[in-house]
Amino acid sequence: MRYDTGIVNGAKDGTCLWPEEELFRELRAELEGRFQDLQTDVAVSNGSRPVRHISVLGLPRIGGGAHASVADGNVHIAAVVGSEVSFDQPGGSLPLPLVRGGVQAQTYRCCQLIEQVLRGCNASWGDLACLRVHMPNLEDTTLEDFRLAADFFFQERGCPAVATSVVGCSQLWRSAAVQIEGTAVCPESFDQPQRMLPFTEFQGPPGLPLPSGWAAPLSAGGKGETQHPLRLAVATATEVIFILILVVLLLFAVFEVSFILILVVLLLFAVFEVIFILILVVLLLFAVF
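Here it is in structure tokens:
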């Protein structure tokens, strides 16, 4: 996990690249020291398929349930609000006050808490698939504050922004301005939570280049899936046989060729195609092994 943080450390001349830099820097410093080494509790359900319920010790929670549930390689992260963290209570069960700084500070803190939950599930911020946001105030200025803080956090991590849904609501827990939950992907099995790596210096203004391999190659059908070479070969051979059958039938209809001769020709074509497919299979096995 590598962070591009020129947006946090400022430009070379010491000026702030973002006006909110100092606010986010304080929030980051507070959480870094608290959760450098994560400790988690894992409970496994005894249903038809295993589901792991992860709780990060010391992390605030709403409702007393697990911070995340992991099943089939998907991480379902419980909703969080931008509350402070406690250095005294390891369980994180008592309600804590919200961080100061309004929508921007609460949004940034929510992202921080979600990141710690992901670490506890052996995942990272780059594994996020989507975010669901609830806000009681959907005015333009409030939404802009949310967008700014969220973009800042994504750019800190060098990740493109994920699909985000913002939903209005009447009230949130402790009258919070923002509540965020999300879904991510992770390995099927995990043993230890990820360690938090130190921030590294980044020169120049922030940017969001797409990571290598971001644009998946499209198949001939344009559906974003690549076909197996053997399937493609069989499909091609089938199309060739179909075309040849049509040609032979056309010749029979036009020139009244003997029906027995047509069957012999079709049989020869079928044998040729079987030999062709067998040769492709041998070549593929040779290339793989």
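So the sequence shown is residues 1 to 289, counted in my numbering.
Every residue, glycine too, gets a C-beta built ideally from N, C-alpha and C.
The C-beta of I114 has 16 or more other C-beta atoms within 10 Å across all chains shown, which makes the residue buried. Cβ contact annotation for L266 (same chain, cutoff 8 Å, sequence separation greater than five): L244, I245 and V248, in chain order. When the beta-carbon positions are compared, F154 and Y108 stay at least 8 Å from each other.
Look at the stretch 21-72 and you find these whole runs of beta strand (DSSP E), each 3 residues long or longer: 40-44, 52-56 and 68-71. The stretch 154-164 makes no contact with the stretch 52-64; the number of CB pairs closer than 8 Å stays below 3. The beta carbon of S170 sits closer than 8 Å to the beta carbons of P136 from its chain, once the five residues preceding and following it are set aside; these are given in chain order. DSSP places G82 in the coil class of the three-state scheme, outside both helix and strand.
Between the stretch 122-131 and the stretch 35-47, the count of C-beta pairs closer than 8 Å stays below three; the two stretches do not touch. Annotation for C130: V162, A163, T164, S165, G182 and T183 place their beta carbon closer than 8 Å to its own, counting only its chain and skipping 5 residues before and after. Here DSSP, grouped into helix, strand and coil, assigns Q179 to strand. Following the DSSP letters along the chain, one finds A129 inside the beta strand (DSSP E) bounded by residues L128 to M135.
Cα atoms of L118 and V240: separation of roughly 51 Å, rounded to the nearest angstrom. Scanning R147, H67, F272 and V51 for the CA closest to the CA of I77 turns up H67. The alpha carbon of H53 has as its nearest neighbour, out of Q36, D72 and E273, the alpha carbon of D72.
Here L98 carries a strand assignment [DSSP, helix/strand/coil].
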